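Before any comments, here is the structure.
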Amino acid sequence: MSQEMKRSKKKLAKEVEKGGSALPSALLFLNIYVKVFIVKKLEANILIE
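49 is the number of the first residue of the sequence shown in our numbering; add one for each residue after it.
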């Protein structure tokens with residue numbers, strides 16, 4: 049897991065504790081995570097071919 053992902057998770061945890069705008073942050077984090085995952089999968093497929 050990259051440093052950026054770890055930082056995002058820590059930031060998210062803090063927001064959850066605050067009870068602030070945790071949901072939008074969680075959705076944003078999930079969105080970024082999914083995009084990174086898809087890109088990695090595509091790169092892996094390109095390497096295999």
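Idealized CB from N, CA, C, for every residue including glycine.
Computed from a prediction, not measured in an experiment: that's the story for all the values here.
Flag this pair as yes or no: are the beta carbons of residue i and residue j separated by less than 8 Å?
{"i": "SER73", "j": "LEU60", "result": "yes"}
{"i": "SER56", "j": "PHE85", "result": "no"}
Of the choices the options, whose alpha-carbon is the least far from that of residue i?
{"i": "MET53", "options": "GLU91, ASN79 and ASN93", "result": "ASN79"}
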